[in-house]
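Colleague: Handing you a structure now.
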Amino acid sequence: MSTRNEHAIDPKREARNYALNLTALLILTLITVGASYIDFGQGNIVIALAIATVKATLVALFFMHLAHDRPVNGLIAVAGFIFLGLFLLFDFLDVTSRRDPNPQNLAPTVVQTAPPAGAPAAQTAAPAAPAAAPAGGAKKE
Amino acid sequence: MSTTTVDLHSGPHGEGEVHDPHQQHHYTTMEQQFDTSKIGMWLFLATEVLTFGGLFAGFGLMQNRYPREFIEAHEHLQRLAGATNTIVLLVSSFTMVLAVLAAKTNQGAKAARYLWMTVACAGIFMCIKAYEYNHKFEEGLLPGYFYHHKGDLVAGSHGYATFFSFYFMMTGLHGLHVLIGMVLLGWLAVRAKRGDFSSAYYTPVDLIGLFWHLVDMIWIYLFPLYYLIK
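So the protein lines, in turn, are chains A and B. In terms of this note's numbering, the first sequence is residues 4 to 144. In terms of this note's numbering, the second sequence is residues 30 to 259.
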C-alpha cells in the first residue's frame, strides 16, 4: 500500500485539487438550479440528469480516487451502473411501447369517472335514481 | 470476529520476522490487504447503486403514468431547502476527503477535526430534512394511504400519494444512510484522535469515506429529480 501511494502524495497539491473539484461541483449545482427556471420542455429533465451525471463522475473520479486507483475498483463501479442501465432500458422500453400505460382496471383521470358510476346503477336496475347517487359518492372515495 | 483476527495474527512469527501489527497472516503484504478491503467496499457500493436504482426506476415509471400530478406535487417541495442540502453534502464530501488525506499523512488530530466537520454537515443536512418532513406532515402530504392534502388539481388521482410514497421512501432511505454515516464518522473521529491511523494503516477512514461519497452521489441524483422536475 505505502509503496504505491506515498510517492504520489503532495498534501498541499492534493488539497488544492480537492478544493477545485468542490468548486466545480458547486458551480454545476448553481447551473442546474438556474436551468430549472428556464423552460426547455422535454429538455429540462435531460439537462438536469446530464449535469447530475457530470457531478457524480467528478465525485467518483477525484473524491473517490477512481482516477488514480486500481482499475478493478473502477470496473466494479462501472459494472454497477451498466446493470442499472440495462434494468432501466427494459423498463422504459416496456412502458413506452404500450399505447395506454395505465392498467384498464384503474380510473386515473376525471374523464373516466362518469361511465363507471353509471354502470353499477344500470345493473341494480329497479330503484334506479335514488341508488345511483350514493353509489357514485362511494366510488369517489 | 475479533477472536478470529487475534488467532490469525498470533501464529508463529519466523526468526526476525517483523511486520505491521495490522497485517493479518493470510495476506502477503499490507498493500494486498488494503486492496482486498477496498474491492469489498466497491462491491458493496455497487449493490447500493442497484438498491437505489430500483427506486429510481419505479419513480421514473410512475412519473410516466402521472406526469401532471408529479409536476404539481413537486411544487410542494422547497427548492431552497433542497439546494442548501446539496451544497451541505458536497462540502461534507470535501471535508471527508481532507480527513482521508490527513489520516494517510499521519495527522490524526487534523483528521479527527475534519471528520467532526463532516459529522456537523451531516447534522445540518438532517435538520433541514426534518424541517421539510415536518412541513409535509402538517400539510397532509403523506405517503400512500395516509395522504390527505386538499385542493389538488386532478381530483381523486392516485398520482399525488404515489409521488409522496416515493419521496418519503427514497429520501428516507437516503436519510438512514446519512444517519449510519454519522455514527461511523464519529467512531472514526474518536479513533483518529487516539492515533489509530497512519500512512501504514488508514483503511477504515478510506472505506467509510467511499461510503460517504456514495451517499453524496445519490443525493446528486435525488435533488434534480425531486426538486427541479418540470
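C-beta atoms are modelled at their ideal positions from N, C-alpha and C, and glycine is treated no differently.
#1: Using DSSP with H/G/I as helix, E/B as strand and the rest coil, what is residue 227 of chain B?
#2: Locate the alpha helix (DSSP H) running through residue 165 of chain B, then write down its first and last residues.
#3: Can residue 206 of chain B and residue 234 of chain B be called in contact, C-beta distance under 9 Å?
#4: When DSSP labels each residue in this structure, what does residue 67 of chain A get in the three-state scheme?
#5: Is the Cβ of residue 199 of chain B closer than 9 Å to any Cβ of chain A?
#6: Determine the direct distance from the alpha carbon of residue 185 of chain B to that of residue 123 of chain A, and round the result to whole angstroms.
#7: With the cut-off set at 9 Å, would you say residue 84 of chain B and residue 195 of chain B are in Cβ contact?
#8: How would you write the range of the alpha helix (DSSP H) that residue 66 of chain B sits in, first residue to last?
#9: Less than 9 Å between the C-beta atoms of residue 98 of chain B and residue 225 of chain B, yes or no?
#10: Cutting at 7 Å between CB atoms, please list the residues of its own chain near residue 71 of chain B, excluding the five before and the five after it.
#11: Compute the Euclidean distance between the alpha carbons of residue 54 of chain A and residue 142 of chain B, then round it to the nearest angstrom.
#12: When you compare the CB of residue 193 of chain B with every CB in chain A, is at least one pair closer than 9 Å?
#13: Verify whether the separation of the beta carbon atoms of residue 32 of chain A and residue 58 of chain A is less than 9 Å.
#14: Leaving aside the five residues before and after residue 12 of chain B along the sequence, list all residues of the same chain whose C-beta is less than 8 Å from its C-beta, in chain order.
#15: Going by DSSP, what residue range makes up the alpha helix (DSSP H) through residue 176 of chain B?
#16: Using a cut-off of 8 Å between C-beta atoms, extract the partners of residue 62 of chain A located in chain D.
#17: What does residue 79 of chain A touch in chain B if you count any residue whose Cβ is under 9 Å from its own?
#18: How many Å lie between residue 130 of chain B and residue 240 of chain B at the Cα?
#19: Put residue 263 of chain B into one of helix, strand or coil per three-state DSSP.
#20: Alpha carbon to alpha carbon, how far is residue 144 of chain B from residue 217 of chain B? Give it in angstroms, no decimals.
#21: What are the boundary residues of the alpha helix (DSSP H) that residue 122 of chain B is part of?
#22: Extract the residue ranges of the alpha helix (DSSP H) inside the region 17-66 of chain A, only unbroken runs of 4 or more that lie entirely within it.
Modeller: The short version:
#1: Reading the second sequence from its first residue, position 198 is the one you call residue 227 of chain B. Strand.
#2: Stepping through the second sequence from its first residue, residue 165 of chain B is reached at position 136. Residue 165 of chain B -> alpha helix (DSSP H) spans 137-168.
#3: The residue labelled residue 206 of chain B in the question sits at position 177 within the second sequence. The residue labelled residue 234 of chain B in the question sits at position 205 within the second sequence. No, they are not a contact pair.
#4: What you label residue 67 of chain A is simply residue 64 of the first sequence in a count that begins at 1. The DSSP-derived three-state label of residue 67 of chain A is coil.
#5: Numbered from 1 along the second sequence, position 170 holds the residue referred to as residue 199 of chain B. With 9 Å as the cut-off, residue 199 of chain B does not count as an interface residue toward chain A.
#6: Residue numbering aside, residue 123 of chain A sits at position 120 when the first sequence is read from its first letter. Residue numbering aside, residue 185 of chain B sits at position 156 when the second sequence is read from its first letter. At residue 123 of chain A the pLDDT is 48, less than 50, meaning the model places this residue with poor confidence and gives no usable figure here.
#7: As a working mapping, residue 84 of chain B is identified with position 55 in the second sequence. As a working mapping, residue 195 of chain B is identified with position 166 in the second sequence. Residue 84 of chain B places its beta carbon less than 9 Å from that of residue 195 of chain B.
#8: The sequence position of residue 66 of chain B within the second sequence is 37, counting from 1. Per DSSP, residue 66 of chain B belongs to the alpha helix (DSSP H) from 59-94.
#9: The sequence position of residue 98 of chain B within the second sequence is 69, counting from 1. The sequence position of residue 225 of chain B within the second sequence is 196, counting from 1. The answer is no: Cβ separation not under 9 Å.
#10: As a first step, residue 71 of chain B must be located in the second sequence, where it is residue number 42. Cβ neighbours of residue 71 of chain B beyond the five flanking positions: none.
#11: Taking the first residue of the first sequence as position 1, residue 54 of chain A is located at position 51. Taking the first residue of the second sequence as position 1, residue 142 of chain B is located at position 113. Cα-Cα distance, rounded: 32 Å.
#12: Translated into the one-based positions of the second sequence, residue 193 of chain B becomes position 164. It does not; no Cβ of chain A falls within 9 Å.
#13: If you number the first sequence from 1, residue 32 of chain A lands on position 29. If you number the first sequence from 1, residue 58 of chain A lands on position 55. It is a contact, given that the beta carbons lie within the stated cut-off.
#14: With chain B running from 30 to 259 in the structure shown, residue 12 of chain B is simply not present.
#15: Residue 176 of chain B sits at position 147 when you count from the first residue of the second sequence. Here residue 176 of chain B belongs to no alpha helix (DSSP H), and DSSP marks it neither H nor E.
#16: No chain D is present in this structure, whose protein chains are A and B.
#17: Within the first sequence, numbered from 1, the residue matching residue 79 of chain A stands at position 76. Chain-ordered, the chain B residues with CB closer than 9 Å to the CB of residue 79 of chain A read 68, 71, 72, 74 and 75.
#18: Here residue 130 of chain B is taken as the residue at index 101 of the second sequence, counted from 1. Here residue 240 of chain B is taken as the residue at index 211 of the second sequence, counted from 1. Each residue's Cα considered, the two are about 16 Å apart.
#19: Coverage of chain B is limited to positions 30 through 259, which leaves residue 263 of chain B absent and any answer about it impossible.
#20: Position 188 of the second sequence, counted from the start, is the residue given in the question as residue 217 of chain B. Position 115 of the second sequence, counted from the start, is the residue given in the question as residue 144 of chain B. If you take the alpha carbons of residue 217 of chain B and residue 144 of chain B, they lie about 7 Å apart.
#21: Working through the second sequence from its first residue, we reach residue 122 of chain B at position 93. Counting along the chain, the alpha helix (DSSP H) containing residue 122 of chain B begins and ends at 108-133.
#22: The region 17-66 of chain A is shown to contain whole alpha helix (DSSP H) runs of 4 or more residues at 46-61, in chain order.
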